[in-house]
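>
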Amino acid sequence: MNWNLPLVSIVILNYNGSRHLIECIPSVLRTSYPSFDVVVVDNASSDDSLSTLARFSDNRIRIVESKSNLGFAEGNNLGLLNTKGTYIVFLNNDTKVEPNWLVELVNVMESDPVIGAAQSKLLLMNRPSHFDSSGDFIDRFGFPISRAQGCPDLNQYQELEEVFSGRGAALIVRKSALRGGSPFDGEFFLQYEDIDLCWRLRLLGYRIVYVPSSIVYHIGQGTSSPYRVFKARKNAILLLVKNYSLANIARYLPCHILINILELANDILHTDSIAVRTKIGAYAWLLVNLQRIIAKREEVQMSRILSDWNCMRLMLKTKFSECVSFTLALGKAGKNENRINALGNRYLQLGLQEKQNFR
Numbered sequence: 000m001n002w003n004l005p006l007v008s009i010v011i012l013n014y015n016g017s018r019h020l021i022e023c024i025p026s027v028l029r030t031s032y033p034s035f036d037v038v039v040v041d042n043a044s045s046d047d048s049l050s051t052l053a054r055f056s057d058n059r060i061r062i063v064e065s066k067s068n069l070g071f072a073e074g075n076n077l078g079l080l081n082t083k084g085t086y087i088v089f090l091n092n093d094t095k096v097e098p099n100w101l102v103e104l105v106n107v108m109e110s111d112p113v114i115g116a117a118q119s120k121l122l123l124m125n126r127p128s129h130f131d132s133s134g135d136f137i138d139r140f141g142f143p144i145s146r147a148q149g150c151p152d153l154n155q156y157q158e159l160e161e162v163f164s165g166r167g168a169a170l171i172v173r174k175s176a177l178r179g180g181s182p183f184d185g186e187f188f189l190q191y192e193d194i195d196l197c198w199r200l201r202l203l204g205y206r207i208v209y210v211p212s213s214i215v216y217h218i219g220q221g222t223s224s225p226y227r228v229f230k231a232r233k234n235a236i237l238l239l240v241k242n243y244s245l246a247n248i249a250r251y252l253p254c255h256i257l258i259n260i261l262e263l264a265n266d267i268l269h270t271d272s273i274a275v276r277t278k279i280g281a282y283a284w285l286l287v288n289l290q291r292i293i294a295k296r297e298e299v300q301m302s303r304i305l306s307d308w309n310c311m312r313l314m315l316k317t318k319f320s321e322c323v324s325f326t327l328a329l330g331k332a333g334k335n336e337n338r339i340n341a342l343g344n345r346y347l348q349l350g351l352q353e354k355q356n357f358r
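So in numbering that gives the first Met the number 0, spot 82 of the sequence shown is number 81, and the numbers just go up one at a time.
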């Protein structure tokens, strides 16, 4: 370990990912940056993950075993508790990294103390000529989009630049910015917990950037499931309620709810009973847990030091009608991944164009 360089602790969360660890861990150990350690959190896997990890006899690796599946949010929080680094990298287990990926991230973080987090350039593992993400964005109504997902890499995003949020699949965070020691909100479990983290960092005065010279390959999520839909609908509203000012909650939350109602009506019209039950279940959860949600909101609002503008200047400036059309089109796309990616990128470009006009 090189004591002249800031120590970076890499947290890798694993749940039944033995087949991924075989590629992920060796690539991380080949990292050219000399001052790092690795904390692998096993989320109560039932496969042979622990025996796979035991093959790697490297004193830079520490294994933390959870007694239950804590999900993405609390699993990574557990990993953080076992870190010593100045910087923390949250790295998915289904990734493979280039040797210089970490050097590039650390150089950016060291260049500006106002940078709170930075995302690597994420390329698809099975199609390395295509993006998984070049940074995440969200519109004012609370619907997130991953930029360039599924698009060919034509060197169109080769500049270090500010984004609304970094993807948690390969995200470096300044540890001193993580107030309270728990970067992710456990209520999210999975879906949008990284956006919530970056939104809160922005409210504390930090910037979030995309680093194209740091390259990570990512398998990524499979097709959607009712459970993911449940978490996405619930967590999208959580994002708005926790992080917006009261004025912007009054302005944008009713729009978000109305879009959800229109989407639900479309599901009923097409007799999609699974989608209907899943989404109603998400809204019911929000009502039942309203008191907890308000308490979380108060905690965020009491600690913020900047106004909403610091976040909204990087949000997509799409119109309400455009958001409705996009959401309904996503419903018609079903599980067609190419169609979903095309719709998302078209909506994002529309929002970025409106953002330029807004300025």
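Note that CB positions come from ideal geometry on N, CA and C, so glycine has one too.
Bear in mind the structure is a predicted one, so any value in this text is a computation, not a measurement.
Bridge partners of E64, per DSSP?
The partner list for E64 (beta bridge, DSSP) reads D41.
> Grouping DSSP H, G and I as helix and E and B as strand, with all else coil, what is G350?
Here G350 sits in helix by DSSP.
> Can you check whether the CB of S26 is closer than 7 Å to the CB of K95?
Yes. Within cutoff.
> For the pair the stretch 82-97 and the stretch 165-176, tell me if three or more CB-CB distances fall below 8 Å.
Touching, yes, given that three or more Cβ pairs across the two stretches are closer than 8 Å.
> Using the rule of at least 16 other Cβ atoms within 10 Å of the residue's Cβ for burial, across every protein chain shown, is S128 buried or exposed?
The residue in question, S128, is exposed, as its Cβ has fewer than 16 Cβ neighbours within 10 Å.
> Taking V40 as the reference, give the member of P33, E22, S31, T82 with the closest Cα.
Ranking the options by Cα distance to V40, first place goes to T82.
> Taking just the CA atoms, how far does A328 sit from E109?
Approximately 42 Å, taken between the alpha carbons.
> Got a sec? Which residues, its chain only, sit under 7 Å from D307 by beta carbon, not counting five neighbours each side?
These residues qualify, in order along the chain: Y243, S244, N247.
> Excluding the five sequence neighbours on either side, which residues of its own chain have a C-beta within less than 6 Å of the C-beta of G70, listed in chain order?
Within the same chain, G70 has close Cβ partners F188, L189.
> Kindly give me the distance between the Cβ atoms of D46 and N15, rounded to whole angstroms, as I take these residues to be in contact under 8 Å.
Contact holds; Cβ gap of about 5 Å.
> Using a threshold of 7 Å, state whether the C-beta atoms of I218 and M124 are closer than that.
Yes, Cβ-Cβ distance for I218 and M124 is below 7 Å.
> Enumerate in chain order the residues of its own chain whose CB-to-CB distance from D193 is below 7 Å, with the five nearest sequence positions on each side excluded.
Cβ neighbours of D193 beyond the five flanking positions: S164, G165, R166, G167, L170.
> Just to check my reading of the structure: F325 and G280 have Cβ atoms closer than 8 Å, yes? What is that Cβ distance to the nearest angstrom?
The Cβ separation is near 23 Å, so there is no contact.
> Exposed or buried, T317, counting other C-beta atoms within 10 Å across all chains shown (16 or more means buried)?
With 16 or more other Cβ atoms within 10 Å, it is buried.
> Please return the same chain residues whose Cβ sits closer than 8 Å to the Cβ of V299, not counting the five positions on each side in sequence.
Excluding sequence neighbours, V299 sits near R199, L202, K241, N242.
> Reducing DSSP to helix, strand and coil, say where A281 ends up.
Looking at A281 - three-state DSSP - the assignment turns out to be helix.
> Consult DSSP for G74 and reduce its assignment to one of helix, strand or coil.
Looking at G74 - three-state DSSP - the assignment turns out to be helix.
> Identify the continuous beta strand (DSSP E) that holds K120 and give its terminal residues.
Start and end: 114-123.
> Is it buried or exposed for A116, if we count other Cβ within 10 angstroms and need 16 for buried?
Buried is the call here.
> Where does the unbroken alpha helix (DSSP H) through K230 begin, and where does it stop?
Where K230 is concerned, the enclosing alpha helix (DSSP H) stretches over 225-242.
> What's the gap between the Cα of N356 and the Cα of G350?
Low confidence applies here, because N356 scores a pLDDT of 48, under 50, leaving its location unreliable; read the following figure in that light. Each residue's Cα considered, the two are about 10 Å apart.
> In whole angstroms, give me the CA-to-CA distance for S29 and E161.
One point to set straight first is that residue 29 is Arg, not Ser, in the sequence displayed. Going by the C-alpha atoms only, they are around 28 Å apart.
> What did DSSP end up calling N356 once you bin it into helix, strand or coil?
Note on N356: pLDDT 48, under 50, position unreliable in the model; no value is reported.
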